[in-house]
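The block underneath contains the structure these notes are about, expressed in structure tokens.
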Amino acid sequence: VRATRGGEEVRGYVPSMGQIFMRRFQMVTQFRQSLEDGQVSVHYQPKVSLPNRQVQGVEALVRWVHPEFGRLSPDEFVPAIEAAGLIGVLTGFVLEESLKRIRKWLDEGLRISAAVNLSVRNLADEEFPAKVVRALDQFGVPPELLTFELTESGVMSDPQKALPILRELHALGVVLAVDDFGTGYSSLAYLRQLPVDEVKIDKSFVLGMGTDLGDLAVVRSIVELGHSLGLTVVAEGVEEDVARDQLEAMGCDVAQGYLISRPLPEDRLEAWLQARTARSPGRQAHNVLTL
Ligand code: C2E
Ligand code: MG
Ligand code: MG
Ligand code: MG
588 VRATRGGEEV RGYVPSMGQI FMRRFQMVTQ FRQSLEDGQV SVHYQPKVSL PNRQVQGVEA
648 LVRWVHPEFG RLSPDEFVPA IEAAGLIGVL TGFVLEESLK RIRKWLDEGL RISAAVNLSV
708 RNLADEEFPA KVVRALDQFG VPPELLTFEL TESGVMSDPQ KALPILRELH ALGVVLAVDD
768 FGTGYSSLAY LRQLPVDEVK IDKSFVLGMG TDLGDLAVVR SIVELGHSLG LTVVAEGVEE
828 DVARDQLEAM GCDVAQGYLI SRPLPEDRLE AWLQARTARS PGRQAHNVLT L
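At position 75 of the sequence shown (counting the first as 1) the number is 662 in UniProt numbering, and the numbers step up by one without a gap.
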């Protein structure tokens with residue numbers, strides 16, 4: 588690709604269609620082996636409740652360090668894995684890792700929930716709720732400590748198929764959240780009909796709310812709408828303390844973002860938690876975060 592900048596020619600590297608295809612092909616054919624080889628892992632990003640800033644839960648985010656491609660973004664490989672029909676394998680892995688983590692915390696006397704992102708393709712699997720029940724039983728985790736996050740466009744793409752599965756999951760007592768709310772064809776009327784407990788404001792609005800009055804208005808109206816529907820409202824993409832303070836003033840329930848912490852590998856998350864929470868029960872006052 589050629590372009591000119593200030594009269595000077597610059598050459599940018601743009602992969603060809605063939606190279607993109609090969610890369611995706613390698614990703615999908617190597618995924619299972621990569622899991623076995625330990626190249627795929629789960630990072631956890633803490634969420635804190637407002638205004639007390641106690642750790643409310645974590646979001647599980649998949650990571651893949653490929654020997655040839657390096658760190659792959661989930662925004663790149665998750666869609667490839669989905670298209671190849673392997674999302675069940677990926678979700679199963681993330682779910683199991685997350686339940687192990689919750690179990691470990693329970694054994695230490697901590698009740699911390701974990702949120703796992705689902706693809707709409709998980710909801711096409713009629714066996715999915717039964718698999719979730721088995722996994723919860725296997726690790727002895729109460730369902731209310733597990734959240735599933737789904738994008739609204741995902742649910743909307745095939746509501747006939749997705750809705751019964753969502754209702755089944757909800758009936759189990761698992762928490763359901765609508766992710767990236769406000770993007771795509773968000774239908775407010777539809778949100779009312781979804782069996783959900785939580786709405787996550789898309790980070791684009793939260794990142795923009797400090798400089799863009801439109802974004803601020805969107806955030807404010809999602810908080811109000813969510814509350815009027817009895818939902819917990821979570822803001823993702825909280826990078827600045829100004830944003831956190833504004834969200835707190837609006838009554839937003841939970842904050843997640845780089846200000847609180849980046850997604851962390853297991854060992855660093857443990858250190859992060861240890862530094863910020865008191866482990867002994869009955870000393871709630873120490874279970875407070877200062878950011
Ligand atoms: P998401 O579920 O909306 O996750 C939030 C994304 O925002 C994460 O990107 C997270 O690292 C990033 N983020 C968190 N706080 C901030 C912040 O303060 N500023 C900014 N700029 N970004 C922030 P990540 O980990 O790259 O994941 C991207 C997307 O990939 C996720 O968006 C989710 O849709 C998908 N994904 C990740 N893990 C999984 C998984 O296990 N299964 C499925 N199906 N999808 C996944
Ligand atoms: Mg999410
Ligand atoms: Mg999101
Ligand atoms: Mg997203």
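Here a beta-carbon is modelled for each residue, glycine too, at the ideal position from N, C-alpha and C.
What three-state label does DSSP hand residue i in the structure shown?
i           : result
Val-601     : coil
Thr-798     : coil
Pro-730     : helix
Asp-624     : coil
Val-615     : helix
Asn-874     : Its pLDDT being 44, under 50, Asn-874 is placed unreliably in this model, and the coordinates cannot settle the point.
Leu-763     : strand
Ser-706     : coil
residue 558 : Since the first residue shown for the chain is 588 and the last is 878, residue 558 is missing from the structure and cannot be characterised.
Gln-641     : coil
Pro-633     : strand
Val-786     : strand
Leu-781     : coil
Asp-745     : coil
Is residue j closer than 8 angstroms to residue i when the C-beta atoms are compared?
i       : j       : result
Asp-610 : Val-627 : The displayed chain sequence assigns Arg, not Asp, to residue 610. Contact: no.
Arg-825 : Val-793 : Looking at the sequence shown, residue 825 is not Arg but Val. Contact: yes.
Gly-769 : Ser-740 : no
Val-629 : Leu-648 : yes
Lys-787 : Val-821 : yes
Ile-668 : Val-615 : yes
Val-742 : Leu-753 : yes
Val-635 : Ala-842 : yes
Leu-686 : Ala-722 : yes
Glu-785 : Thr-819 : yes
Arg-690 : Gly-727 : yes
Ala-749 : Leu-710 : yes
Opposite residue i in the DSSP bridges: which residues?
i           : result
Glu-713     : Its beta-bridge partners do not exist; DSSP assigns none.
Arg-650     : Ser-628
Thr-770     : Phe-768
residue 911 : Any property of residue 911 remains undetermined from this structure, which presents the chain solely from 588 to 878.
Can you determine whether any heavy atom of ligand 5 sits closer than 7 angstroms to the C-beta of residue i, and answer yes or no?
i       : result
Thr-770 : Although ligand 5 was asked about, the structure shown includes only ligand 1, ligand 2, ligand 3 and ligand 4 as ligands.
- [ ] Check whether the stretch 842 to 850 touches the stretch 633 to 649, counting contact only when three or more Cβ pairs, one atom from each stretch, lie closer than 8 angstroms.
- [x] yes
Open item on the list: Does the contact criterion of 3 or more C-beta pairs under 8 angstroms hold for the stretch 698 to 711 versus the stretch 721 to 738?
Closed with: yes
Task: Those runs of the beta strand (DSSP E) which lie wholly inside the stretch 653 to 695 and span at least 3 residues - done: 657 to 659
Task: Runs of alpha helix (DSSP H) lying entirely within the stretch 816 to 861, each at least 4 residues, in chain order - done: 828 to 837
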